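Novice: Heads up, the sequence shown is in UniProt numbering, so the first residue is 1 and it goes up one at a time. Even glycine gets a Cβ: it sits at the ideal position worked out from N, Cα and C. For clarity, every value in this text was computed on a predicted model and none was experimentally measured.
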Amino acid sequence: MLFKVPASAAIRASSCIAPTTLPVRSIVTGRRLLHSTAATNATTVQRDHLSSAGESRASRKPVKKLSEEHHRILDEIMRVDQAGEIGANFIYKGQLAILGRDKKVGPLIEHMWQQEVHHLETFNKLVPTWRARPSLLYPVWQAAGFAVGAGSALLGKEAAMALTEAVETVIGEHYNDQIRSLLQILEEDGSENLERRDEIVALVETLKRFRDEELEHLDTAVEHDAAKAPAHTVLNSVFKAGCKAVIEVAKRV
Numbered sequence: 001m002l003f004k005v006p007a008s009a010a011i012r013a014s015s016c017i018a019p020t021t022l023p024v025r026s027i028v029t030g031r032r033l034l035h036s037t038a039a040t041n042a043t044t045v046q047r048d049h050l051s052s053a054g055e056s057r058a059s060r061k062p063v064k065k066l067s068e069e070h071h072r073i074l075d076e077i078m079r080v081d082q083a084g085e086i087g088a089n090f091i092y093k094g095q096l097a098i099l100g101r102d103k104k105v106g107p108l109i110e111h112m113w114q115q116e117v118h119h120l121e122t123f124n125k126l127v128p129t130w131r132a133r134p135s136l137l138y139p140v141w142q143a144a145g146f147a148v149g150a151g152s153a154l155l156g157k158e159a160a161m162a163l164t165e166a167v168e169t170v171i172g173e174h175y176n177d178q179i180r181s182l183l184q185i186l187e188e189d190g191s192e193n194l195e196r197r198d199e200i201v202a203l204v205e206t207l208k209r210f211r212d213e214e215l216e217h218l219d220t221a222v223e224h225d226a227a228k229a230p231a232h233t234v235l236n237s238v239f240k241a242g243c244k245a246v247i248e249v250a251k252r253v
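1. Within the continuous alpha helix (DSSP H) that includes LEU99, where are the two ends?
2. Quick one, which of LEU137, TYR175, SER237, GLU158 has its alpha-carbon nearest ALA166's?
3. In its own chain, which residues sit with a C-beta less than 8 Å from the C-beta of CYS243, not counting the 5 before and 5 after it?
4. Assuming ALA160 contacts LEU215 (C-beta within less than 8 Å), just tell me the rounded distance between them.
5. Distance, Cα to Cα, PRO107 vs ALA88?
6. Under a Cβ-count criterion, where at least 16 other Cβ atoms within 10 Å of its own Cβ denotes burial, should THR220 be classed as buried or exposed?
7. From GLY190 to VAL127, what does the alpha carbon distance come to, in whole angstroms?
8. Using 8 Å as the cut-off, can you tell me whether the region 72 to 88 makes contact with the region 171 to 187, which would need three or more C-beta pairs spanning the two stretches below that distance?
9. Leaving aside the five residues before and after MET1 along the sequence, list all residues of the same chain whose C-beta is less than 6 Å from its C-beta, in chain order.
10. Could you tell me if ALA39 is buried or exposed, where buried requires 16 or more neighbouring beta carbons within 10 angstroms of its beta carbon?
11. Just the C-alpha distance for LEU218 and GLU69, rounded to the nearest angstrom, thanks.
12. Just the Cα atoms here: how many angstroms apart are ASP75 and ARG133?
13. Kindly identify the DSSP beta-bridge partner or partners of LYS64.
14. Quick check: the Cα distance between VAL222 and VAL105, rounded to an integer number of angstroms?
15. Distance, Cα to Cα, HIS174 vs ARG211?
16. Is the beta carbon of ALA162 less than 7 Å from the beta carbon of ALA226?
17. Who are the Cβ neighbours of LEU137 in its own chain at under 6 Å, not counting the five residues just before and after it?
18. Could you tell me the alpha carbon to alpha carbon distance between LYS93 and ALA150, rounded to whole angstroms?
19. If you draw a straight line from the alpha carbon of LYS103 to that of LEU96, how long is it in whole angstroms?
20. By the 10 Å Cβ neighbour count, where 16 or more other Cβ atoms means buried, how is LYS157 classified, buried or exposed?
21. Given this structure, state the Cα-to-Cα distance separating GLU248 from VAL63, to the nearest angstrom.
22. If you drop the 5 nearest sequence neighbours on each side, which residues of the same chain put their C-beta closer than 7 Å to that of LYS208?
23. Just to check my reading of the structure: GLY145 and ILE86 have Cβ atoms closer than 8 Å, yes? What is that Cβ distance to the nearest angstrom?
24. In this structure, how does DSSP classify ALA229 when only helix, strand and coil are distinguished?
25. Can you tell me whether VAL234 is buried or exposed, with buried defined as 16 or more other CB within 10 angstroms of its CB?
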């Protein structure tokens, strides 16, 4: 009787066919040839890699270190802007304490305050990133900001807007000065390889965005009768002078 072998069994059987036997000398010679070829290929690859790495190092320009003046500028920017945002936060807190229930200006002040909160949070993160020294007058900026904010609000809604008008005018100019200083650093010879260049570029964009938001506050104040504040010209001059004084003190302390 003939039995039919399943195809799967035939396939399994074919995998068990003994390989062709070669003389021992042929096997040894073949192995030596394979090892020799592999070693030659490995040496060639390694040599090409080292050559490529050497050329890359030769073509790569050395990193330009930030100078002491660069560090001074960045340290000052961090300290002054953090201090300024502390003051701005408490100015709006003071105004909200008096005018928070006013249906016309209350929501406006709240909106501007929330933007200042974001600004302060940003600088609170940037200060340690740049290893900057924070202002030593933190409690002073808080108390002074709240007092000025509440005091302006007690004089009326127009006076509160006049304070915002004056402060944001100075801050807008101040941000522009800082942006110009950073752009000068980025345009110096060899600055394309300046260390932390990307971070400085990002900082410029942050300052531009914050400046634009501060100038929006200025426009809001003008649109809501800042010029109608009692003794507007005097208030404007006093507020601006006070803001500039704070900036100069924060640069040093």
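Specialist: With the given structure in hand:
1. Looking up residue 99 in the sequence shown gives position 99. Where LEU99 is concerned, the enclosing alpha helix (DSSP H) stretches over 68 to 99.
2. Along the sequence shown, one-based indexing puts residue 166 at 166. When only C-alpha atoms are compared, the closest one is SER237.
3. In the sequence shown, counting from the first residue as 1, residue 243 sits at position 243. Counting only Cβ-Cβ distances below 8 Å, and skipping sequence neighbours, we find ALA166, VAL167, VAL170, ILE171.
4. Residue mapping note: residue 160 aligns to position 160 of the sequence shown, counting from 1. Residue mapping note: residue 215 aligns to position 215 of the sequence shown, counting from 1. Not a contact, Cβ separation roughly 18 Å.
5. To locate residue 107, count along the sequence shown from 1; it is residue 107. To locate residue 88, count along the sequence shown from 1; it is residue 88. Looking at the two C-alpha atoms, the distance is approximately 16 Å.
6. Residue 220 sits at position 220 when you count from the first residue of the sequence shown. That one is buried.
7. Taking the sequence shown and counting its residues from 1, the one referred to as residue 190 is at position 190. Taking the sequence shown and counting its residues from 1, the one referred to as residue 127 is at position 127. The alpha-carbon atoms of GLY190 and VAL127 are separated by roughly 26 Å.
8. yes
9. On the sequence shown, position 1 is the one that residue 1 refers to. Any reading at MET1 must be qualified, since the residue scores a pLDDT of 43, below 50, and its modelled position is unreliable; the value itself is stated next. Nothing meets the Cβ criterion.
10. Taking the sequence shown and counting its residues from 1, one reaches residue 39 at position 39. Here ALA39 scores only 49 on pLDDT, less than 50, and its place in the model should not be relied on; the value that follows carries that caveat. Under this definition ALA39 is an exposed residue.
11. Reading the sequence shown from its first residue, position 218 is the one you call residue 218. Reading the sequence shown from its first residue, position 69 is the one you call residue 69. So the two alpha carbons sit approximately 32 Å from each other.
12. On the sequence shown, position 75 is the one that residue 75 refers to. On the sequence shown, position 133 is the one that residue 133 refers to. Cα-Cα distance, rounded: 7 Å.
13. For the purposes of this step, residue 64 is taken as residue 64 along the sequence shown, with counting starting at 1. DSSP lists LEU194 as partners of LYS64.
14. Position 222 of the sequence shown, counted from the first residue, corresponds to residue 222. Position 105 of the sequence shown, counted from the first residue, corresponds to residue 105. VAL222 and VAL105: Cα-Cα distance of roughly 12 Å.
15. Residue mapping note: residue 174 aligns to position 174 of the sequence shown, counting from 1. Residue mapping note: residue 211 aligns to position 211 of the sequence shown, counting from 1. Taking the straight line joining both Cα atoms gives about 9 Å.
16. In the sequence shown, residue 162 corresponds to position 162, counting from 1. In the sequence shown, residue 226 corresponds to position 226, counting from 1. For ALA162 and ALA226, yes; Cβs fall inside 7 Å.
17. Here residue 137 refers to the residue found at position 137 when the sequence shown is read from its first residue. Once the five neighbours on either side are set aside, the close Cβ partners of LEU137 are VAL253.
18. For the purposes of this step, residue 93 is taken as the residue at position 93 of the sequence shown. For the purposes of this step, residue 150 is taken as the residue at position 150 of the sequence shown. Roughly 8 Å separates the two Cα atoms.
19. In the sequence shown, residue 103 corresponds to position 103, counting from 1. In the sequence shown, residue 96 corresponds to position 96, counting from 1. Roughly 12 Å between the two C-alpha positions.
20. Against the sequence shown, residue 157 aligns to sequence position 157. Burial call: buried.
21. Reading the sequence shown from its first residue, position 248 is the one you call residue 248. Reading the sequence shown from its first residue, position 63 is the one you call residue 63. If I take the Cα positions, the gap works out to 33 Å.
22. Within the sequence shown, numbered from 1, the residue matching residue 208 stands at position 208. Same-chain partners within the cutoff: ILE179.
23. For the purposes of this step, residue 145 is taken as the residue at position 145 of the sequence shown. For the purposes of this step, residue 86 is taken as the residue at position 86 of the sequence shown. So it is a contact: roughly 7 Å between Cβ atoms.
24. The sequence position of residue 229 within the sequence shown is 229, counting from 1. Three-state result, ALA229: coil.
25. Within the sequence shown, residue 234 is the residue found at index 234, counting from 1. Exposed, since its Cβ has fewer than 16 Cβ neighbours within 10 Å.
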